[in-house]
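Read through the structure below, which is laid out as C-alpha cells, and then see the notes.
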Amino acid sequence: MIPLSIPHLEGNEWKYIKHCLDTGWVSSAGSYVTQFESMVAEFAGAKYGIAASNGTSGLHMALHLLGINRDHHVIIPNITFIASANSAVYTGATPIFIDIDPQSWQMDLDLLEEFLTIKCFINDAGYCVCKETEKEIRAIMPVHVLGNICDMDRFMQIVGEKNIEVVEDASESLGSYYKGKHSGGFGKIGVFSFNGNKIITTGGGGVIVTDDEATAKRAKHLTTQAKVDPETYWHDEIGFNYRLVNVLAAMGVAQMEQLPGFIKKKKYIDQYYREHLKDVGDIQFQKVSSVVDPNCWLTTIRTSHQDKILQELKNASIIARPFWTPMNQLPMFTESIYHTHHDHSRVIHQECLSIPSSVSLTDDQLDQVTQTISSVFQKVN
Ligand SMILES: Cc1ncc(COP(=O)(O)O)c(C=O)c1O
C-alpha cells in the first residue's frame with residue numbers, strides 16, 4: 352500500500368516523548384510547549400507563537416480574539432477544509448463564500464473585489480457591510496490551499512481598504528513563502544495545523560502566530576481557561592481548554608528539527624510528478640506564481656478522468672483523495688451567500704485529486720504512482 356501523506360517520525364520523537372514520561376511532564380505545562388511555540392514562531396518569522404490543541408481550535412481562537420460574533424460575517428474561500436468555515440460558525444458569525452480561481456485553486460481576488468464593491472457598503476463606523484444581510488464583514492480567512500499562496504499584495508490592499516481583519520488559515524503552508532515572507536504573517540493572526548497528514552505533525556495540534564504582543568498574551572490566556580490565579584481558581588472571563596499537551600509538543604520539537612529536510616523532499620516529490628505527468632492525458636497542476644515558494648505539501652492533479660484514476664489507484668493499493676466538497680454544497684451552507692460567476696469550485700472538486708506525497712516515498716513508489724496514472728490514459732485513448 353502506498354499511503355497519501357503519512358507522518359515521518361525518524362528524528363528525536365521517541366527521545367523527547369520519553370523525557371516527558373520519565374519526568375512526569377506529560378500535561379499542558381512543560382518546557383516542550385514553550386520550545387515548540389518559539390520554534391514555529393521563529394521559523395515562520397513571527398514574534399509570538401501560541402500552541403493550540405489543533406488547527407481548528409486555533410482558527411476559532413483567532414476569530415474570537417478579533418471579537419468576531421453573531422453580528423458579523425467572515426469571508427472564506429468556497430474550496431477549503433470544513434474547519435475554516437466551522438471556526439467562523441463557532442463564533443456565531445455567518446460565513447460568506449467566494450469562488451476560487453480555476454488555476455491557483457485559491458480565493459478568486461477579482462470576485463472578492465467585485466463582491467466587496469458591488470454587494471457591500473461602508474457604514475458610519477467605517478466597517479464593510481453586506482447589503483443583503485446588513486451585517487458587518489469583520490474578518491476574512493485566506494486559506495493557503497496545499498501550501499500555495501495567492502497574490503497577497505493585492506489581497507491585503509483589497510481588504511485593507513475595507514477595514515477587514517485577516518486571519519490566515521495557514522494550516523497547510525508551514526514552509527511556504529510569498530515574496531520571501533512566510534505564510535501566516537500577513538494578517539494580524541495566522542494559524543498552522545499539525546494534524547497527522549501535515550508537513551510536520553504532533554498527532555493533533557496547532558500554533559497561532561502573531562506579531563502583536565497583546566494578542567499573543569490574550570491568546571495564551573484564553574486557550575488556557577482564562578485562569579488568573581491557579582490557587583484560587585480565579586478566571587476573569589470565559590476561556591477555552593485549547594492547550595497542546597507537553598507530550599505532543601515534544602513530538603513537535605523533534606518534527607521541527609527535521610522540517611527543512613521534509614520541505615526539500617516534498618519539493619522533490621512535486622517536481623517528480625510535474626516532470627513525469629506533464630504530458631500525460633489532460634493532467635494539469637496547481638498554478639503557483641513565480642513569487643511564491645511553496646512547501647509542496649500534497650501534490651494534487653487536475654484531470655477530467657478523476658473517477659477512473661481514483662479507481663485505478665485504488666486497485667493498485669495506492670491512496671489518493673478527491674478535493675474537498677465545496678462549502679456551498681454542504682447541507683449547513685446551501686443557504687449561505689456564495690459569490691461566483693462560473694462555479695469553478697464545482698469543477699475543481701470533480702476534477703482534482705491528491706496523490707501520494709509522504710516524505711518517506713521512494714523513487715520506486717513514485718514511479719509506481721506515475722505509471723498507474725499514465726496507464727489510465729493509455730486505456731482512454
Ligand atoms: C485548510 C485547513 N484548515 C484547517 C484545518 C484544521 O486543522 P486541524 O485538523 O489541526 O484541526 C486543516 C487540516 O486539517 C486544513 O487543511
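Residue numbers (the working numbering): 352 to 732.
We put the CB at the ideal spot given by N, CA and C, even for glycine.
No experiment lies behind these values; they were computed from the predicted model shown.
Judged by DSSP in its simplified three-state form, H495 adopts coil rather than helix or strand.
The Cβ atoms of S544 and G557 lie closer than 9 Å to each other. When distances are taken from the beta-carbon of A444 to the heavy atoms of ligand 1, even the shortest one reaches 8 Å or more. Cβ contact annotation for A605 (same chain, cutoff 6 Å, sequence separation greater than five): G362, N363, E364 and Y367, in chain order. When C-beta atoms of the segment 525 to 535 are compared with those of the segment 374 to 390, fewer than three pairs fall below 8 Å, so the two segments do not count as touching. Classified as exposed, Y584 has fewer than 16 neighbouring CB atoms from the shown chains inside 10 Å of its CB. Within the segment 583 to 654, the runs of alpha helix (DSSP H) at least 4 residues long that lie entirely inside it are, in chain order, 597 to 628.
If the five residues before and after V639 are omitted, its C-beta is found closer than 8 Å to the C-beta atoms of S455, N499 and P645, all from its own chain and listed in chain order. Per DSSP, K578 lies in no alpha helix (DSSP H) segment; the continuous beta strand (DSSP E) that holds it begins and ends at K578 to D580. Shown here, L414 sits in a helix according to DSSP, grouped into three states. Annotated as distal: M412 and F684, with beta-carbon spacing of 9 Å or more. Taking a C-beta distance under 9 Å as the contact criterion, A434 and I419 do not qualify as a contact pair.
Here the alpha carbons of V596 and L525 stand approximately 21 Å from one another.
Judged by their CB atoms, I491 and V510 are nearer to each other than the 9 Å cut-off. Listed in chain order, the non-local C-beta contacts of G555 below 8 Å within the same chain comprise S404, N405, F545, N546, G547 and L599, local neighbours out to five positions each way being set aside. Under DSSP, I488 shares a beta bridge with H424. Nearest Cα to R421 within the set P428, T407, S726 and A444: A444.
As summarised for the segment 653 to 697, the continuous alpha helix (DSSP H) elements at least 4 residues long and confined to that stretch are 657 to 666, given in chain order. With a cutoff of 8 Å, N546 counts as near ligand 1, since its C-beta is closer than that to a heavy atom of the ligand. A residue is called buried when at least 16 other Cβ atoms come within 10 angstroms of its Cβ; E485 does not meet this threshold and is exposed. DSSP places Y478 outside any alpha helix (DSSP H), giving it a letter other than H or E. Of the residues K571, I401 and H627, the one whose Cα lies closest to the Cα of I724 is H627. Note on geometry: alpha-carbon atoms of Q609 and H423 lie some 40 Å from one another. DSSP places H533 within a strand segment (E or B) once states are collapsed to three. The Cβ atoms of L460 and Q637 lie no closer than 9 Å to each other. Not a single heavy atom of ligand 1 lies less than 8 Å from the C-beta of F636. A distance below 8 Å between beta-carbons, with the five flanking residues on each side excluded, links Y478 to the following residues of its chain, in chain order: E487, I488, R489 and N514. Shown here, M352 sits in coil according to DSSP, grouped into three states, outside any helix or strand. DSSP places V727 within a helical segment (H, G or I) once states are collapsed to three.
S408 has its Cβ nearer than 8 Å to a heavy atom of ligand 1. For the set C501, S534 and T575, the Cα lying nearest the Cα of S379 is the one of T575.
The closest heavy atom of ligand 1 lies 8 Å or more from the beta carbon of V558. Counting the other Cβ atoms within 10 Å of the Cβ of N679 gives 16 or more, which makes it buried. Inter-residue distance for P354 and V425 is about 35 Å (C-alpha atoms, whole angstroms). For T561, the Cβ stays outside the 8 Å cut-off from all heavy atoms of ligand 1. Counting C-beta atoms within 10 angstroms of its own C-beta, P682 has fewer than 16 neighbours from the protein chains shown and is therefore classed as exposed.
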